[in-house]
Each structure stands twice: as structure tokens, then as C-alpha cells.
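Each number in our numbering comes from the position in the sequence shown (counting from 1) with 41 added on.
Positions of the beta carbon are idealized from the N, C-alpha and C atoms, including for glycine.
Computed from a predicted structure; not experimentally measured.
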Amino acid sequence: MPRTVVTGAAGFIGSHLSEALLDLGHSVVGIDNLLTGDMDNIAHLRDRDFAFIRHDVTRYIEVDGPVDFVLHWASPASPIDYLELPIQTLKVGSLGTHNVLGLAKAKHARFVTASTSEVYGDPLEHPQKETYWGNVNPIGPRGVYDEAKRFAEAMTMAYHRYHGVDTKIVRIFNTYGPRMRLRDGRAVPAFMSQALAGEDVTVFGNGTQTRSFCYISDLVDGILRLMVSDTNDPVNIGNPYEVTIEEIARTVIRLVGSKSRIVYKPLPEDDPKQRRPDITRARTLLHWEPKIELEDGLLRTVEYFKGKLKTT
Ligand code: UDP
């Protein structure tokens with residue numbers, strides 16, 4: 042059976058991905074420096090064919106033995122994290138991606154990297170197709186993530202074209218679900234932890250900005266399909282159902298059954314006004330589309346947050 046390295050394995054997406062690969066029969070080597078990851082996310086994988094290496098992938102990576110797939114998921118991923126960890130965010134997307142590509146090349150492994158809808162910046166094209174080059178402010182607070190991921194895509198394509206590595210790029214749109222950090226600052230966990238605690242729910246700006254939220258199991262399904270596909274071009278994976286942030290705040294309050302009020306806070310700098318993936322490429326090449334309805338996914342996530350609040 043295949044042996045697969047997952048960087049960022051203790052993170053939100055990395056842990057779900059590792060688990061899904063184990064379910065497919067892969068032997069998984071998880072790497073994480075635990076900067077934003079959490080061992081609790083992978084504690085239940087201990088008795089499976091899962092090895093964990095605590096390591097920062099911006100430094101040279103050593104993995105013994107054969108490797109068939111390398112999935113590069115290590116990176117801070119919330120706007121609050123970029124503000125607190127700007128240099129680490131830039132380093133893991135650039136130096137880290139270079140090292141992880143080097144590992145894939147040395148092992149003759151297939152490489153898949155986590156890119157992001159942030160490569161489109163504050164988009165002037167809507168919905169966003171993979172052919173859109175984006176509207177990114179390189180020197181703004183989000184630039185550390187956006188430009189690192191754009192560099193990561195460029196480096197990935199260079200390894201594909203120059204070294205012949207079989208590479209895949211997944212552009213991940215807003216995703217939510219269990220194992221997000223309660224206070225990672227992103228909209229869904231922020232609104233849920235506030236609503237569950239009966240605190241004010243903080244909508245930034247006037248709440249008319251939009252996002253399109255994909256449930257974690259749909260995302261993982263898309264990534265696994267891309268991993269075994271023939272394409273080397275970037276593919277958007279996300280849910281095209283677009284909502285305003287005010288709407289998502291109201292939905293979370295209703296589903297939690299909370300008495301929380303909405304309060305409006307200043308909009309962070311360069312906050313994209315709209316975001317929705319065009320998933321024609323994923324539909325055509327991967328025969329993929331999301332299945333989980335927003336309210337269903339939010340309810341499953343609320344259950345997780347309730348449990349987490351009890352134990353913290
Ligand atoms: N947002 C908000 N209140 C919060 C956290 C986020 O209104 O407590 C807004 C944020 O300004 C953005 C949207 O929700 O417009 C999604 O933010 P998130 O940090 O989840 O991800 P982004 O899509 O901006 O990377």
C-alpha cells in the first residue's frame with residue numbers, strides 16, 4: 042500500500058486528510074511543528090499506521106524509506122495567525138514548500154500542495170476561475186500569506202516543469218468543521234464560540250462581504266480525487282454556495298439557540314469583499330462537487346465546539 046507524508050498533519054485539514062488516507066489503507070507519516078497544530082487532533086490516530094515527526098519543514102526534512110505521495114499542508118491559515126506569525130507564514134510557504142518539493146523529488150513521489158483562494162486577493166472577477174490571476178496587495182497584512190502561497194504555486198510549477206515532479210495544486214476556499222481552533226479568529230469558529238458562550242458576535246464591517254463555506258469532508262474528498270488525477274494545473278475546491286457574513290452570523294446564532302447580539306467591528310485591511318469558487322474544473326476533471334449543506338455542516342461543527350468547550 043502507498044506510503045504518504047502529510048506536512049501540517051496536526052492541523053485542522055491535515056488531520057482530516059491523514060485520517061482519510063489511513064482509511065484508504067495508506068501508511069501515513071505526519072510532520073508538524075505544532076505552531077498552530079494540536080496533538081489532540083491526531084491523538085486518535087496513535088494506534089493506526091501513523092507515524093508522527095515533530096519538525097519545522099522550513100528546515101531540511103529527513104524521512105527514511107520509500108514515499109509515494111507528499112501532501113504539503115503546513116501553514117498558519119487564519120488572518121489572525123498571519124498578523125501574529127508573519128515571518129513563519131512567509132517561511133513555510135516559501136522555504137518550507139521548497140524543502141517539501143525536494144523531499145518529493147528525492148523520493149520520486151507525487152506532490153500535492155495546499156494553495157488558497159487568497160491567491161485571488163480581493164477579486165475583481167466573480168466567481169473566481171483558476172485562470173484569474175488575482176488582485177493581491179503584496180505589502181498588506183494578508184500579503185504574507187497570499188504571496189507565500191503564490192510563491193509556493195510558482196515553485197511547484199517550476200519543480201514540475203524543470204524536474205518533472207508530478208505536482209498538484211489545490212486552491213482551497215473557506216472551509217470549516219470539527220478541529221478548527223475555537224479562537225483561531227476565523228468567522229465560523231469565532232461566531233460559534235461567541236454564540237455558545239452567550240457573548241456578542243463580532244461581525245467585521247457591515248457584514249455584506251461574502252464567502253462560500255465548504256464542509257471539511259467535502260474538501261478532503263476533492264483533495265483525494267485531485268491526488269490521483271492526471272492534471273498538474275491548479276484546481277479550485279470549495280462550495281459555490283455564497284453567503285454574506287451577516288447571514289452566517291445569524292445562522293450560527295439560530296443553530297446554537299443563543300441570545301447573542303451581533304456587534305459590528307472595523308473591517309480588517311484588505312478583507313476581500315466577495316469570494317465564490319467557480320468549480321467547473323473540479324466538476325469536469327474530478328467529477329467532484331460538495332454534498333454537505335451549510336446548515337448540516339454547521340450543526341455538526343456546533344456539536345464539536347460544544348464538546349471542546351466542556352473539556353477546556
Ligand atoms: N469575520 C467577522 N468576524 C469575525 C471573524 C471574521 O466578521 O470574528 C469576517 C472577516 O472580516 C471576513 C469573513 O468573516 O470578511 C471571513 O473571515 P475569515 O477570517 O473566516 O476568513 P477569510 O475568508 O477572510 O480568509
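Element boundaries [beta strand (DSSP E), containing Tyr305] = Start at 1 with the first residue of the sequence shown, and residue 305 comes out as number 264. Ile303 to Lys306 is the extent of the beta strand (DSSP E) around Tyr305.
inquiry  = Please determine whether the Cβ atom of Phe245 lies at a distance below 6 angstroms from any heavy atom of ligand 1.
reply    = Position 204 of the sequence shown, counted from the start, is the residue given in the question as residue 245. It does: the Cβ of Phe245 is within 6 angstroms (strictly closer) of some heavy atom of ligand 1.
ask   = Can you tell me whether Gly239 is buried or exposed, with buried defined as 16 or more other CB within 10 angstroms of its CB?
value = Sequence index remark: in the sequence shown, residue 239 carries index 198 (1-based). The residue in question, Gly239, is exposed, as its Cβ has fewer than 16 Cβ neighbours within 10 Å.
Asn215 beta carbon near ligand 1 (any heavy atom closer than 6 angstroms) = Counting from one through the sequence shown, the residue named residue 215 turns up at place 174. For ligand 1, at least one heavy atom lies less than 6 angstroms from the Cβ of Asn215.
Residues sharing a beta bridge with His113, DSSP = What you label residue 113 is simply residue 72 of the sequence shown in a count that begins at 1. Paired residue(s): Thr48 and Thr154.
ask   = Shortest alpha-carbon distance to Leu296 belongs to which of Ser270, Leu339, Trp329 and Lys306?
value = Position 255 of the sequence shown, counted from the start, is the residue given in the question as residue 296. Comparing Cα positions, the closest option is Leu339.
key: Ranges of the beta strand (DSSP E) found wholly within the region 259-315, counting only runs of at least 3   = 276-278, 283-285 and 303-306
key: Between the CA atoms of Asn280 and Asp241 - distance to the nearest angstrom   = Start at 1 with the first residue of the sequence shown, and residue 241 comes out as number 200. Start at 1 with the first residue of the sequence shown, and residue 280 comes out as number 239. Cα-Cα distance, rounded: 28 angstroms.
ask   = With respect to 6 angstroms, is the separation between the Cβ of Arg227 and the closest non-hydrogen atom of ligand 1 below this value?
value = Position 186 of the sequence shown holds residue 227. Yes.
request  = Determine the contact status of Phe152 and Val206, defining contact as a CB-CB distance below 7 angstroms.
outcome  = Numbered from its first residue, the sequence shown carries residue 152 at position 111. Numbered from its first residue, the sequence shown carries residue 206 at position 165. Cβ distance < 7 angstroms, so Phe152 and Val206 count as in contact.
key: Beta-carbon proximity check, Lys349 vs Leu223, cutoff 7 angstroms   = As a position in the sequence shown, residue 349 is number 308, starting the count at 1. As a position in the sequence shown, residue 223 is number 182, starting the count at 1. Their beta carbons are under 7 angstroms apart, which means Lys349 touches Leu223 by this criterion.
task = May I ask you to report which of helix, strand or coil DSSP gives Ala92?
result = To locate residue 92, count along the sequence shown from 1; it is residue 51. Three-state result, Ala92: strand.
task = Would you tell me roughly how many angstroms separate the C-alpha atoms of Gln129 and Thr197, rounded to the nearest one?
result = The count along the sequence shown starts at 1 and reaches residue 129 at position 88. The count along the sequence shown starts at 1 and reaches residue 197 at position 156. If I take the Cα positions, the gap works out to 19 angstroms.
ask   = When you compare each of Lys332, Val47, Ser299 and His67 to Thr138 by their alpha carbons, which one comes out closest?
value = What you label residue 138 is simply residue 97 of the sequence shown in a count that begins at 1. Checked all of Lys332, Val47, Ser299 and His67; the closest Cα to Thr138 is Val47.
query = Would you say Gln250 touches ligand 1, meaning its beta carbon is less than 6 angstroms from a heavy atom?
reply = Working through the sequence shown from its first residue, we reach residue 250 at position 209. Yes, the beta carbon of Gln250 sits closer than 6 angstroms to at least one heavy atom of ligand 1.
inquiry  = Taking only three categories from DSSP, how would you classify Lys332?
reply    = If you number the sequence shown from 1, residue 332 lands on position 291. Correct three-state label for Lys332: coil.
message = Considering only their Cβ atoms, is the gap separating Val261 from Ala323 smaller than 7 angstroms?
response = Working through the sequence shown from its first residue, we reach residue 323 at position 282. Working through the sequence shown from its first residue, we reach residue 261 at position 220. Cβ distance not < 7 angstroms, so Ala323 and Val261 don't count as in contact.
ask   = How about Ala150: is its Cβ closer than 6 angstroms to a heavy atom in ligand 1?
value = Along the sequence shown, one-based indexing puts residue 150 at 109. No, since every heavy atom of ligand 1 falls outside the 6 angstroms radius drawn around the Cβ of Ala150.
ask   = Under three-state DSSP, which class holds Asn176?
value = Here the question's residue 176 lines up with position 135 in the sequence shown. In this structure, Asn176 counts as strand in the three-state DSSP scheme.
task = With DSSP as the reference, label Thr243 as helix, strand or coil.
result = Taking the sequence shown and counting its residues from 1, one reaches residue 243 at position 202. Correct three-state label for Thr243: strand.
ask   = So, is His57 buried or exposed, given that buried needs 16 or more other C-beta atoms within 10 angstroms?
value = Sequence index remark: in the sequence shown, residue 57 carries index 16 (1-based). Buried, by the Cβ-count rule.
query = Is Ile210 near ligand 1, judged by its Cβ being under 6 angstroms from some heavy atom?
reply = Here residue 210 refers to the residue found at position 169 of the sequence shown. No, the Cβ of Ile210 stays beyond 6 angstroms of every heavy atom of ligand 1.
request  = Answer with buried or exposed for Lys374, where buried requires no fewer than 16 other C-beta atoms within 10 angstroms of its C-beta.
outcome  = A question about residue 374 goes unanswered here, because the residues of the chain that appear run from 42 up to 353.
request  = Say whether the region 89-108 touches the region 156-169, bearing in mind that this needs 3 or more beta-carbon pairs closer than 8 angstroms, one atom from each stretch.
outcome  = no
inquiry  = Taking 6 angstroms as the cut-off, is the beta-carbon of Asp312 closer than that to any non-hydrogen atom of ligand 1?
reply    = The sequence position of residue 312 within the sequence shown is 271, counting from 1. True, at least one ligand heavy atom lies under 6 angstroms from that Cβ.
key: Pairwise C-alpha distance: Leu112 and Lys146   = On the sequence shown, position 105 is the one that residue 146 refers to. On the sequence shown, position 71 is the one that residue 112 refers to. Taking the straight line joining both Cα atoms gives about 13 angstroms.
ask   = So what's Val229 in DSSP terms, helix, strand or just coil?
value = In the sequence shown, the residue the question calls residue 229 occupies position 188. If DSSP states are grouped into helix, strand and coil, Val229 belongs with the helices.
task = Could you tell me if the beta carbon of Pro230 falls within a distance shorter than 6 angstroms of some heavy atom in ligand 1?
result = In the sequence shown, counting from the first residue as 1, residue 230 sits at position 189. No.
query = Exposed or buried, which one is Glu188 when buried takes at least 16 other CB atoms within 10 Å?
reply = Counting from 1 along the sequence shown, the entry for residue 188 is found at position 147. So Glu188 counts as buried.
task = Pull up the distance between the alpha-carbon of Gln169 and that of Lys209, whole angstroms please.
result = Position 128 of the sequence shown, counted from the first residue, corresponds to residue 169. Position 168 of the sequence shown, counted from the first residue, corresponds to residue 209. One C-alpha to the other measures close to 19 angstroms.
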